[in-house]
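Everything below concerns the one structure shown next.
Numbering (UniProt numbering), first residue to last: 1 to 280.
Written out as structure tokens, the structure reads:
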């Protein structure tokens with residue numbers, strides 16, 4: 001498949017849900033069944049390059065005019081599972097968060113206010129017609145939210161150094177039932193140990209999102225473009241999921257000192273990424 005652009009992928013991490021074909025109603029199920037049989041399908045980087053290419057025209061395309069009909073496909077235990085891109089929906093949602101993440105002059109330079117206003121009006125109209133729509137992919141820039149690590153286990157970690165032609169990857173995949181169980185256990189430990197806060201709120205939100213999907217789905221945490229912000233040696237020894245699990249287990253035991261040590265390792269590991277975000 002030809003590349004849309006040679007632009008480097010952005011520094012973003014992804015949380016994806018792959019649902020079995022049985023979870024989709026017809027005619028969508030038939031579409032994904034045919035799609036999964038294709039010998040050549042877009043890659044993770046192709047999706048990112050297409051999104052970046054939309055920013056090149058004048059005026060830029062803030063949100064695709066049509067919803068994507070592409071998806072990521074994996075096979076698990078003989079079952080085909082798909083993760084629809086839903087690029088248009090995710091674009092609308094990202095646009096709503098943009099002004100809170102970047103200075104207003106920078107936002108205006110990249111996407112003029114008129115473009116953003118028109119996209120927001122389009123989203124409002126679409127949302128009224130599709131009140132139950134939700135994305136299969138969540139995105140976080142310049143970080144992996146700590147609550148995402150609660151969903152996975154260190155033994156599900158897969159680190160690939162990459163090659164001259166393929167970038168390195170760091171991913172976790174876990175069955176949906178395991179992810180939901182870990183959310184429930186994590187929330188109980190946190191609520192028993194600390195007051196309400198961003199970690200609890202974020203984990204609650206992720207847990208509600210997971211409930212929207214088929215119980216035989218797979219959940220994938222992908223470092224995505226963040227692998228380009230850290231040296232390979234640091235990535236190779238990055239066991240953030242293990243540190244989060246250790247911290248939650250320490251809270252469950254009432255060991256605040258051990259929980260603090262685990263949290264300290266996480267803060268130190270991710271400081272380099274945050275520093276680069278500030279520099280940019």
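Idealized CB from N, CA, C, for every residue including glycine.
Assign residue i to one of three DSSP states: helix, strand, or coil.
i: residue 219; result: strand
i: residue 14; result: strand
i: residue 170; result: strand
i: residue 74; result: strand
i: residue 26; result: coil
i: residue 67; result: coil
i: residue 290; result: This structure cannot speak to residue 290, because the chain is shown only from 1 to 280.
i: residue 6; result: Note that residue 6 scores 45 on pLDDT, short of 50, meaning its location in the model is unreliable and no value can be drawn from it.
Measuring CB to CB, does residue i end up less than 9 Å from residue j?
i: residue 182; j: residue 150; result: yes
i: residue 218; j: residue 73; result: no
i: residue 63; j: residue 106; result: no
i: residue 176; j: residue 228; result: no
i: residue 222; j: residue 253; result: no
i: residue 207; j: residue 173; result: no
i: residue 226; j: residue 144; result: yes
If you draw a straight line from the alpha carbon of residue i to that of residue j, how long is it in whole angstroms?
i: residue 275; j: residue 118; result: 34 Å
i: residue 200; j: residue 190; result: 7 Å
i: residue 91; j: residue 69; result: 15 Å
i: residue 80; j: residue 40; result: 16 Å
i: residue 25; j: residue 19; result: 12 Å
i: residue 156; j: residue 195; result: 30 Å
i: residue 232; j: residue 160; result: 10 Å
The beta strand (DSSP E) spanning residue i covers which residue range?
i: residue 82; result: 79-84
Starting from residue i and walking both ways along the alpha helix (DSSP H), at which residues does that stretch end?
i: residue 43; result: First-last for residue 43: undefined, no H or E at that position.
i: residue 234; result: 232-236
i: residue 198; result: 198-210
i: residue 183; result: 176-193
i: residue 21; result: Run containing residue 21: none; DSSP gives neither H nor E here.
Open item on the list: Which runs of the alpha helix (DSSP H) at least 4 residues long sit entirely within the region 108-165? Give them in chain order.
Closed with: 113-129 and 146-149
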